[in-house]
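Novice: Just so you know, the sequence shown maps onto residues 1 to 572 in UniProt numbering.
Built from N, CA and C at the ideal position, the CB exists for glycine as well.
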Amino acid sequence: MEEINTQKQEDSPAPSGSLIVNIEKMQRDSVTEDKIQPEEDIELQALFNKLNSTIDETPFHETKCQKQKQDLSYKAEFIMTHFIKFYIYQLMFYIFGPLIFFFLLNKPALMFNLGFWSWRQDVVFQYIQWIGHIFCLLMYFYFQSLSSLEIGLLWFSLLTRSIIVAAKFSTLNEERVELYERNRLSKKTIYFDVVLFDWSIQSKKIKYLEIAKAAKRHDFDTQFFYFDFLVEPMKETQKALLDDQETLLNLPHDGTYSGINLISYFIDSYQQLNTRKNQLSLALLISFIVVITPKALAYERYLQNPVEIFLNIVCGIFQIIQFNCIFLYLLISLEDMKRKIFLLDQVYYLISTKRVRCKEFKLTPTIDINCPRTIEAWSMLRSITFDYGASYHIRNQIYHTILILCCVASLVFAFQIILDYFQLDYYYLITLGIVFLIFLIFISLYLLSAATINQFFEDFKTQIENLKFICQDVRRMRKQYFEDNNSEPQNFVHKSFVNHLKAQHNNNNLIIYQRIDNLIDSLDNAQRHIEYDSRNYPLKLYGIKITYEILQNLVVGLFTVISFVVQQRFSS
1 MEEINTQKQE
11 DSPAPSGSLI
21 VNIEKMQRDS
31 VTEDKIQPEE
41 DIELQALFNK
51 LNSTIDETPF
61 HETKCQKQKQ
71 DLSYKAEFIM
81 THFIKFYIYQ
91 LMFYIFGPLI
101 FFFLLNKPAL
111 MFNLGFWSWR
121 QDVVFQYIQW
131 IGHIFCLLMY
141 FYFQSLSSLE
151 IGLLWFSLLT
161 RSIIVAAKFS
171 TLNEERVELY
181 ERNRLSKKTI
191 YFDVVLFDWS
201 IQSKKIKYLE
211 IAKAAKRHDF
221 DTQFFYFDFL
231 VEPMKETQKA
241 LLDDQETLLN
251 LPHDGTYSGI
261 NLISYFIDSY
271 QQLNTRKNQL
281 SLALLISFIV
291 VITPKALAYE
301 RYLQNPVEIF
311 LNIVCGIFQI
321 IQFNCIFLYL
331 LISLEDMKRK
341 IFLLDQVYYL
351 ISTKRVRCKE
361 FKLTPTIDIN
371 CPRTIEAWSM
381 LRSITFDYGA
391 SYHIRNQIYH
401 TILILCCVAS
411 LVFAFQIILD
421 YFQLDYYYLI
431 TLGIVFLIFL
441 IFISLYLLSA
451 ATINQFFEDF
461 KTQIENLKFI
471 CQDVRRMRKQ
481 YFEDNNSEPQ
491 NFVHKSFVNH
501 LKAQHNNNNL
511 IIYQRIDNLI
521 DSLDNAQRHI
531 EYDSRNYPLK
541 LYGIKITYEI
551 LQNLVVGLFT
561 VISFVVQQRF
571 SS
């Protein structure tokens, strides 16, 4: 079965572990914890069994008399009030610095948690940013050694940086926000919620937390989230997918390999293949280009003596630090999209009957596509993979939404310059043009990645259709394949399918026919599930599903407008 069971020759082992379902407890645990002890495994497994054996009746009760308390920690949604509130907090800090104490006098815990006072590293970094802002203002108003354009770019970076911070809090539920406002939280808890370190490295805690949240959002019964493969995986893969025998807990299930461990294995493999060593260097390089461009173009005006040169160097360092935060966040968001595409590729390969292209990796064999239970488990895997890290992707969508608005405004501004509505010095044109081009590249890459992710809905539907056609062909020819011993399929895929059915059911034709019918029903159900998710859970911006067709129309429309503006310019 050479084509169906192609697999990467050097598998990257991934750690295994039990599903962590007590989400609030996990969010308070140590961020740097790398290995779960057996005693904790037993406790977590007990919580898992309790979650799956009891039903939360809260959603079924009326709420007109009193507000029902629900566990919403697994939700992934944007809350505008939280966004506006924390955006104002962050912006006030950049303006007033330590004087924000007088505005938030009755919220000392909130100021501590937001990093407005303390001796944590993030607090020191925030005060460095504020000092840099004040220093640049002095350079502009007192020393007059900074241009209005540079001050404008600095304020743009502060405003957008505040958006990034506010977006992180906008996905937290009400209880979590109240916790920030009323209690002084530990450094580990704050870093886990706000700093993207755990998410960037995909720590064990973040993986199982996000898998648990995704399963909870879709109301999946994870006791059926297990797989079998058509052939046994390689030893390295088996080691990564099977639970540690010393901590193996007896969870009732059918199948050999856990879907939870399968997702974890895919993620760890991606992290090993993509080390992200150059992210910080690239962000610093882009920041340096943005900061140095206006200084290089206006050196005759603002770099007249050693004192001005020194002050501009110090100011430039502060500006680079500020812009570096923005570009590093954008690079991480693109990395998130790349990771999701990789995961969806692997999910697609699980039901693929074709050989994987040489440049790609197939980390596991094809699943047992003859088993209805495995098809149902694959459908759960597909939904969880699409939904994995939903709150982080919402944050990215918020920021890119703002950037798109800025780019549209910049285009309108550029068209007005082309049409001679007003004049602008080359110093401004070159600097703003470079900044616009950089952000346009980031937005374009993000939109292309989003379109690629949404395209997987169609790819999955096509592959499920292919499997269904195989089953229907075999059912239509069942007399020749199963009752006539002299007849055998000539197509490789059909032959493999028929031989597996015969081997699994000892040539019992009645059971084989029932299995084929059940398999077709499972494929129909998987297809309906894909169509449902495609309608309700695609990646969107401004409420519009991002597809290749929309991007093509957008590019054509943009070039049409540009050609019209240029034509008007030369005709006038």
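Among the residues of its own chain, which have a CB less than 7 Å from the CB of V347, if the five just before and after it don't count?
Specialist: The residue labelled residue 347 in the question sits at position 347 within the sequence shown. Taken in chain order, the residues that qualify are L381, R382, T385.
Novice: Taking DSSP as the reference, what is the three-state secondary structure of Y257?
Specialist: Taking the first residue of the sequence shown as 1, we reach residue 257 at position 257. Reduced to three states, the DSSP call for Y257 is strand.
Novice: Please report the distance separating the alpha-carbon of F460 from that of P538.
Specialist: For the purposes of this step, residue 460 is identified with residue 460 of the sequence shown, where counting begins at 1. For the purposes of this step, residue 538 is identified with residue 538 of the sequence shown, where counting begins at 1. Approximately 14 Å, taken between the alpha carbons.
Novice: Quickly, what does DSSP pair F229 with across the bridge? List them, please.
Specialist: Stepping through the sequence shown from its first residue, residue 229 is reached at position 229. According to DSSP, F229 bridges with I367.
Novice: Run through the region 427-486 for me and flag every whole alpha helix (DSSP H) of 4 or more residues, listed as ranges in chain order.
Specialist: Those alpha helix (DSSP H) runs which fall completely within the region 427-486 and span 4+ residues do not exist here.
Novice: When you compare the CB positions of K540 and Q397, do they come within less than 9 Å of one another, or not?
Specialist: Residue 540 sits at position 540 when you count from the first residue of the sequence shown. Residue 397 sits at position 397 when you count from the first residue of the sequence shown. The answer is yes: Cβ separation under 9 Å.
Novice: Starting from F570, trace the alpha helix (DSSP H) both ways and give me its first and last residue.
Specialist: As a first step, residue 570 is located in the sequence shown; it is residue number 570 there, counting from the start. Taken as a continuous stretch (DSSP letters only), the alpha helix (DSSP H) holding F570 covers 548-571.
Novice: Give the list of continuous beta strand (DSSP E) stretches no shorter than 3 residues that lie fully inside the region 81-136.
Specialist: Taking only runs of at least 3 residues, no beta strand (DSSP E) segment lies wholly in the region 81-136.
Novice: Helix, strand or coil for K295 per DSSP?
Specialist: To locate residue 295, count along the sequence shown from 1; it is residue 295. If DSSP states are grouped into helix, strand and coil, K295 belongs with the helices.
Novice: Distance check for L172 and I79, CA to CA, integer angstroms please.
Specialist: Locating residue 79 in the sequence shown gives position 79, counting from the first residue. Locating residue 172 in the sequence shown gives position 172, counting from the first residue. Those two C-alpha atoms are separated by around 8 Å.
Novice: Quick one: is the Cβ of F103 within less than 8 Å of any heavy atom of the ligand ATP?
Specialist: Ligands are entirely absent from the displayed structure, and the ligand ATP is therefore not among its contents.
Novice: Which term fits T560, buried or exposed, when burial requires 16 or more other beta carbons within 10 angstroms of its beta carbon?
Specialist: In the sequence shown, residue 560 corresponds to position 560, counting from 1. Exposed, by the Cβ-count rule.
Novice: So, is R535 buried or exposed, given that buried needs 16 or more other C-beta atoms within 10 angstroms?
Specialist: Position 535 of the sequence shown, counted from the first residue, corresponds to residue 535. Flag for R535 reads exposed.
Novice: How about I341 and S449: are their beta carbons less than 9 Å apart?
Specialist: For the purposes of this step, residue 341 is taken as residue 341 along the sequence shown, with counting starting at 1. For the purposes of this step, residue 449 is taken as residue 449 along the sequence shown, with counting starting at 1. Yes, the Cβ-Cβ distance between I341 and S449 is below 9 Å.
Novice: Among I84, T452, V291, L280, which has the Cα closest to the Cα of G152?
Specialist: On the sequence shown, residue 152 is found 152 positions in, with the first residue counted as 1. G152 has its Cα closest to that of V291, out of I84, T452, V291, L280.
Novice: Report buried or exposed for T462, applying the criterion of at least 16 other Cβ atoms within 10 angstroms of its Cβ.
Specialist: For the purposes of this step, residue 462 is taken as the residue at position 462 of the sequence shown. Burial call: exposed.
Novice: Give a yes or no on contact between the region 520-530 and the region 426-446, applying the rule of three or more CB pairs nearer than 8 Å.
Specialist: No, they do not touch.
Novice: Between C371, R176, A414, D420, which lies nearest to S571 when the distance is taken from Cα to Cα?
Specialist: The residue given as residue 571 occupies position 571 in the sequence shown. Of the candidates C371, R176, A414, D420, the one whose C-alpha sits nearest the C-alpha of S571 is D420.
Novice: Taking the continuous alpha helix (DSSP H) assigned at A214, which residues delimit it?
Specialist: Translated into positions along the sequence shown, residue 214 becomes position 214. Per DSSP, A214 belongs to the alpha helix (DSSP H) from 204-217.
Novice: Let me confirm a value: W119 is counted as buried when at least 16 other C-beta atoms fall within 10 Å, else exposed. Which label applies?
Specialist: Walking along the sequence shown from the start, residue 119 turns up at place 119. So W119 ends up on the exposed side.
Novice: Going by DSSP in three states, L185 sits in which element: helix, strand or coil?
Specialist: Numbered from 1 along the sequence shown, position 185 holds the residue referred to as residue 185. L185: coil per DSSP, three-state reduction.
Novice: Ordered along the chain, which non-local residues of its own chain (more than five positions away) have a Cβ less than 7 Å from that of G259?
Specialist: Stepping through the sequence shown from its first residue, residue 259 is reached at position 259. So the list reads F225, Y226, F227, A377, M380, L381, once near-sequence residues are dropped.
Novice: Flag this pair as yes or no: are the beta carbons of F318 and S287 separated by less than 9 Å?
Specialist: For this step, residue 318 is matched to residue 318 along the sequence shown. For this step, residue 287 is matched to residue 287 along the sequence shown. No; because the gap between Cβ atoms is not below 9 Å, this pair is not in contact.
Novice: Am I right that Y329 and I453 are in contact with their C-beta atoms under 8 Å? What's the rounded C-beta distance?
Specialist: On the sequence shown, residue 329 is found 329 positions in, with the first residue counted as 1. On the sequence shown, residue 453 is found 453 positions in, with the first residue counted as 1. With a Cβ gap of about 19 Å, Y329 and I453 do not count as contacting.
Novice: Using 10 angstroms around the beta-carbon of Q272, count the other beta-carbons present and answer buried if the total reaches 16, otherwise exposed.
Specialist: Along the sequence shown, read from residue 1 onward, the residue named residue 272 stands at position 272. Q272 comes out exposed.
Novice: Kindly list the residues whose CB is nearer than 6 Å to the CB of F93, restricted to its own chain and excluding five residues on each side of it in sequence; keep chain order.
Specialist: As a first step, residue 93 must be located in the sequence shown, where it is residue number 93. Closer than 6 Å at Cβ, skipping near neighbours: I100, F116.
Novice: Using 8 Å as the cut-off, can you tell me whether the region 409-425 makes contact with the region 184-200, which would need three or more C-beta pairs spanning the two stretches below that distance?
Specialist: The region 409-425 is not in contact with the region 184-200.
Novice: Determine the closest residue to W199 out of M337, L467, P365, N518, with distance taken between C-alpha atoms.
Specialist: Reading the sequence shown from its first residue, position 199 is the one you call residue 199. Nearest C-alpha to W199: M337.
Novice: For I544, name the three-state secondary structure that DSSP assigns.
Specialist: Counting from one through the sequence shown, the residue named residue 544 turns up at place 544. Three-state result, I544: strand.
Novice: For R276, which residues from the same chain have a beta carbon less than 8 Å from its beta carbon, with the 5 sequence-adjacent residues on both sides left out?
Specialist: If you number the sequence shown from 1, residue 276 lands on position 276. Excluding positions up to five away in sequence, the list reads S200, E335.
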